[in-house]
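Numbering-wise (the working numbering), the sequence shown opens with residue 369 and increments by one.
Scroll down for the structure; my scribbles are underneath it.
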Amino acid sequence: EPKRATRLHRVYNDDYNNTVPYKPDGAHMTFPGMAKIVNGKPFKFYPHQPDAIWRVLQTGNTLLAHVVGSGKTFVMTAAGMEAKRIGLAKKPMYVVPNKILEQFGREFLQLYPTARVLVATKKDLQKENRRAFMAKVANNEWDAVIMAQSSFTLVPVSPAFEERFIRGEMSGIEEALIAAQLEAQAEGSRAMRSLVRAIELAKERIETRLKELENRDRKDDVLSFEEMGIDMLFVDEAHNYKNLYAPSKQRSLGGGKPVQKALDMYMKVSYLNERTPGRGTVFATGTPLSRSIVEMYTLLRYLAPEELASRGMKRLDAWAAGFAESATKIELRPEGGFRNYTRLSHFKNAPELSQLFLTIADVQTADMLGLPKPTIRGGQAEVVVAPMSEELSRYQEH
369 EPKRATRLHR VYNDDYNNTV PYKPDGAHMT FPGMAKIVNG KPFKFYPHQP DAIWRVLQTG
429 NTLLAHVVGS GKTFVMTAAG MEAKRIGLAK KPMYVVPNKI LEQFGREFLQ LYPTARVLVA
489 TKKDLQKENR RAFMAKVANN EWDAVIMAQS SFTLVPVSPA FEERFIRGEM SGIEEALIAA
549 QLEAQAEGSR AMRSLVRAIE LAKERIETRL KELENRDRKD DVLSFEEMGI DMLFVDEAHN
609 YKNLYAPSKQ RSLGGGKPVQ KALDMYMKVS YLNERTPGRG TVFATGTPLS RSIVEMYTLL
669 RYLAPEELAS RGMKRLDAWA AGFAESATKI ELRPEGGFRN YTRLSHFKNA PELSQLFLTI
729 ADVQTADMLG LPKPTIRGGQ AEVVVAPMSE ELSRYQEH
């Protein structure tokens, strides 16, 4: 069928074969206001760092998938300062792991000694101090507001935005629930019934939250995230937010429980995606993909929602149908014995998926950067077999 082949060829080229990987070149950047001496030594970026900074400024939402030790902190610092200097942002916020909050603030000022930096301490976000702190953020000009991940969840979005956001998420849950119910009726398995129940519970939790918002006193005690004036968000160790719930009719994908920390981040990123279309968020992590194929979808969902929607892949099931393959394998039960389990096992259509992922991802591996790595003693891993205890042996028998 020549006409059909021509039409499908056109669709493929228009929707999937229409971009080339962006190769940023930031060699021309001069970074006004940056220190010439850092830690007592002349400072100069490695070539990949200004390239990544230029990418953030040029393309907007970015995943800095840079290996540990490659200098992500200084990349984020300079990207935020440059974004503010040229008018792309007015008030950047940095969300970092709790344990490096003070360190991140010190390193920021090492690179930009004259920057106006506000570091949010644990005390600032205590209930009695929260209102004053958030007003301080909103009413002053800051080059950077630095906040710990645990504190970030204490900053609310407005009830109006949260309600609108939740109603949008509800439609996806209802679609997955209907599809899972049909699958359960056809298959009749206990596993599918469990999946349906898990989606129903997720729906019930969201309905409860909507009722709370409808009955909430509109006169809030603290300013909302929107009212603080944050228009650019840098998230260090962003892999901590990969456990974002996505409803699915597939047992290998669905059945998870919504995690408030990830949902909170997703709400705020969604707000920035509306306010500064596709230009307000930078994730940084050395381990963008670690446990599950679905993690790639999650990162795209945060940083490239419009791109997913334009390809008809806004929902997880649609994305998985195009880019992931399921396989059923026999595996050991935790309590002993065997079971059949179906899970996503590998990617398919890898060139097209890579092309999509690289629209947001700036990837730098240890091999790409030539970072030194210690050799393993003996040249290979050593297997150490531990004897089974009597207690464990009895447990497995029963």
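Quick reminder that beta carbons are idealized off the backbone N, C-alpha and C, glycines included.
Predicted model, so just to flag it, every value in this text is computed and none were measured.
Quick one, which of the options has its alpha-carbon nearest residue i's?
i	options	result
F529	L760, E693 and E595	E595
A503	P465, T666, E720 and L486	L486
T666	P615, R647 and L700	P615
A483	K452, P418 and A672	K452
E450	N407, R535, M402 and Q732	M402
A457	R499, W510, Q471 and T441	W510
G648	A570, K636 and K697	K636
R727	M444, R669 and A689	The sequence shown places Thr at residue 727, rather than the Arg named in the question. If we check each option's Cα against that of T727, R669 comes out closest.
A695	A677, I661, S678 and P673	I661
K490	P656, G536 and V523	V523
P418	M560, V379, E369 and V443	V443
L676	Q723, S713, A754 and Y639	Q723
A729	S519, M664, F476 and G473	M664
H434	Y414, G536, L425 and G448	Y414
Y462	E605, S713 and F715	E605
N508	K459, K371, S678 and R577	K459
K617	D685, E580 and I421	D685
Quick check on residue i: buried or exposed, where buried means 16 or more other Cβ atoms within 10 Å of its Cβ?
i	result
R683	buried
G680	exposed
Q732	buried
V388	exposed
T445	buried
S438	buried
T653	buried
For residue i, name the three-state secondary structure that DSSP assigns.
i	result
I661	coil
A340	The structure shown does not extend to residue 340, since the chain is modelled only from 369 to 766, so the question has no answer here.
M560	helix
L612	coil
H396	coil
L601	strand
P527	helix
D492	coil
P460	strand
T696	strand
G623	Unreliable positioning characterises G623 in this predicted model, as indicated by a pLDDT of 47, which lies under 50. A coordinate reading is not provided.
A794	Look at the range of the chain in this structure, 369 to 766, and you will see that residue 794 is not part of it.
D511	coil
L486	strand
Q764	helix
A754	coil
Could you name each continuous beta strand (DSSP E) segment of 3 residues or more that falls completely within the stretch 404-447, going from the start of the chain to the end?
430-434
Does the pairing of the stretch 596-608 with the stretch 644-658 give three or more beta-carbon distances under 8 angstroms?
yes
Any chance the stretch 713-730 sits against the stretch 379-398, with 3 or more Cβ pairs inside 8 angstroms?
yes
Counting Cβ pairs closer than 8 angstroms, one from the stretch 540-548 and one from the stretch 561-572, do we hit at least three?
yes
Beta strand (DSSP E) runs wholly inside the stretch 704-752, at least 3 long, in chain order:
706-715 and 729-732
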